[in-house]
Amino acid sequence: MLLPIVMAGGSGSRLWPLSRSLYPKQFISLASDKTMLQETIARLRGIEHQAPVVICNEEHRFIVAEQLRQSNAHHSGIILEPVGRNTAPAIALAALHATQNGEDPLMLVLAADHIIQNDMSFTKAVEKAISPAENGKLVTFGIVPTSPETGYGYIRQGEAACDSSYKVAEFVEKPNLPTAESYFTKGGYYWNSGMFLFKASRFLTELGLHRPDILSACEQAIEGAKQDLDFIRVCENAFTECPEDSVDYAVMEKTKDALVVPMDAGWSDVGSFSALWDVSAKDEAGNVIVGDVVTDQTENSYIYAQNKLVSAVGVENLVIIETKDAVLVANKDKVQDVKNIVNQLKSKGRSECEQHREVYRPWGSHDEIALGSRFQVKHLRVKPGERTALQMHHHRAEHWVVVQGTARVTSDDKSFLVTENESTYIPLGSAHRIENPGKVDLHLIEVRSGTYLEEDDVVRLEEYGVGY
1 MLLPIVMAGG SGSRLWPLSR SLYPKQFISL ASDKTMLQET IARLRGIEHQ
51 APVVICNEEH RFIVAEQLRQ SNAHHSGIIL EPVGRNTAPA IALAALHATQ
101 NGEDPLMLVL AADHIIQNDM SFTKAVEKAI SPAENGKLVT FGIVPTSPET
151 GYGYIRQGEA ACDSSYKVAE FVEKPNLPTA ESYFTKGGYY WNSGMFLFKA
201 SRFLTELGLH RPDILSACEQ AIEGAKQDLD FIRVCENAFT ECPEDSVDYA
251 VMEKTKDALV VPMDAGWSDV GSFSALWDVS AKDEAGNVIV GDVVTDQTEN
301 SYIYAQNKLV SAVGVENLVI IETKDAVLVA NKDKVQDVKN IVNQLKSKGR
351 SECEQHREVY RPWGSHDEIA LGSRFQVKHL RVKPGERTAL QMHHHRAEHW
401 VVVQGTARVT SDDKSFLVTE NESTYIPLGS AHRIENPGKV DLHLIEVRSG
451 TYLEEDDVVR LEEYGVGY
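Be aware that the sequence shown starts at 1, since it is given in the working numbering, and climbs by one per residue.
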């Protein structure tokens, strides 16, 4: 039975402002009502498999856990990377975790931020890879190209092996357009999908042979791992010392046992808005429309409205993205350069490159509605049975108005209920927290007033998950 390994790291900077470093594209609904992570898990339904292992950045742990909960998806652990070290160390952590109890599963390594339109073709390709993987081969899936794409690396197939698989003759870096056109014309070249199937022990053996430094660091990181609720926290010091490398460079390009299985399943890594436009449903003018959008004489554009009405007149080949706190307008042929805007925002210390206006917490979320001199208004949502940390502020007082549900409020030595259309006042310096004792989401409006309103004016008196 296969053990899926879902890699859910990465920042997705080319899809800004939809994707932010603290809420990247794998956690966003781009092609359906499910997020990309949820789609990746759901895609496994046609394959006999164990509950997947998910690998993610530590700062994304509660997003992963919540999205798995929302889709009723079981898992075999959520491994937290304290720092990003690329795919070879991430897969090594998963393989070491999977073999701890003497088992040696076939690991199906998937990225959480890919779109696959034909689940049946995906399943058939995986099934073809099982036999060679069980026999010790390291199988990668090569995407049958539909165009001379310059944004992907390629795999050149060698001689036939068995069961619709081929020896890997060569991994090729992203080519220029004439080279990509020659690959497309000649055939025998596949896009490098970054998906793999191999025994955990075989991967570890090959990693030890070609990159023993990575294997050693990951072994130490797993040996020092601690279980924390659903999360597996590896030893931070050991993993921080681990060299950074991709699985292609560290293992697949060096092993003599690499095979490629072709996959023709409507695959895309959604690395840009133009790639997203390619795989999305379009209207008769070639426009992809998401949200409240009105167009006139507009063609071949991707227009996304999250919070406001967006209108476009007499334009073509544009990407227009509206979120609660940012707007992007770009030529569809220049969307690879959106990352340059993100870099500018980073250099200026702008929060818009890191997180959305609505910020998710283990207990729910908070969203800034208004900000002015000495006041700030937020919409808070607290999930049933959850609560914020007990805390106090030195520079602000807070007024809370409940608009849905019932809140149990702690303020110093008092604890009391506040129901719909009721309000309460939290004085400056008061120890306080909000709890939702009910069965439905609690929604309240928080009005902050004071001389300093930033999030770092907080003293947590009792930790409970992550405080507000």
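Yeah, the Cβ is synthetic: ideal placement off N, Cα and C, and Gly gets one too.
Please state whether the Cβ-Cβ distance between residue i and residue j is less than 8 Å.
i    : j    : result
K324 : R357 : yes
N200 : A133 : Here residue 200 turns out to be Ala, not Asn, going by the sequence shown. Taking 8 Å as the Cβ cut-off, A200 and A133 do not qualify as a contacting pair.
Q67  : M1   : no
V247 : I91  : yes
K186 : S164 : no
V382 : I445 : no
T150 : N118 : no
E322 : K334 : no
I426 : A407 : no
E47  : M36  : Reading off the sequence shown, one finds Ile at residue 47, where the question assumed Glu. Not a contact, by the Cβ cut-off of 8 Å.
Note the first and the last residue of the continuous beta strand (DSSP E) segment covering residue i.
i    : result
E322 : L318 to E322
F141 : L138 to I143
H472 : Residue 472 lies beyond the stretch modelled for the chain, which goes from 1 to 468, so this question has no answer here.
V440 : Looking at the DSSP string, V440 is not in any beta strand (DSSP E), and its letter there is neither H nor E.
F416 : K414 to V418
E358 : E358 to R361
F375 : F375 to V382
Would you kindly work out how many angstroms separate the C-alpha atoms of residue i and residue j, rounded to a whole number?
i    : j    : result
A42  : E398 : 42 Å
A111 : A8   : 6 Å
Q344 : V401 : 38 Å
V261 : Y23  : 33 Å
K137 : S19  : 36 Å
V327 : W277 : 18 Å
H74  : E39  : 14 Å
P243 : S182 : 35 Å
V447 : F375 : 7 Å
V466 : H60  : Reliability fails at V466, whose pLDDT of 46 lies under 50, so the model's placement of it is uncertain and the value that follows must be treated cautiously. In a straight line, the C-alpha of V466 is about 12 Å away from that of H60.
N192 : L428 : 57 Å
G77  : D441 : 27 Å
V459 : M392 : 5 Å
G208 : R387 : 46 Å
Y464 : A389 : Any answer about Y464 is weak, because its pLDDT of 47 lies below 50 and its placement is not dependable; what the coordinates show is given next. Going from the Cα of Y464 to the Cα of A389 covers about 5 Å.
T451 : L371 : 13 Å
S12  : I303 : In the sequence on display, residue 12 carries Gly and not Ser. Whole-angstrom Cα-Cα distance: 19 Å.
Y152 : Q70  : 33 Å
A281 : V288 : 6 Å
H443 : E368 : 13 Å
Using 10 angstroms around the beta-carbon of residue i, count the other beta-carbons present and answer buried if the total reaches 16, otherwise exposed.
i    : result
V329 : exposed
T240 : exposed
K439 : exposed
L259 : buried
M120 : exposed
G84  : exposed
R45  : exposed
V294 : exposed
Hey, quick one: how far does the alpha helix (DSSP H) through residue i stretch, first residue to last?
i    : result
P105 : Premise fails: P105 is in no alpha helix (DSSP H) and is neither H nor E.
K128 : D119 to E134
I341 : V338 to S347
A238 : E236 to T240
E39  : M36 to A42
Requested in this report: Can you check the region 247-292 for any beta strand (DSSP E) of at least 3 residues that lies completely inside it and give the ranges in chain order?
Outcome: Correct list: 258-263 and 288-290.
Query - Continuous beta strand (DSSP E) assignments of at least 3 residues falling wholly in the region 44-96 - result: Restricting attention to beta strand (DSSP E) runs no shorter than 3 residues, the region 44-96 encloses them at 53-57 and 78-81, ordered along the chain.
Query raised in the report: Can you list, in chain order, the stretches of the alpha helix (DSSP H) that have 4 or more residues and sit fully within the region 152-223?
Result: Correct list: 177-186, 200-210 and 212-223.
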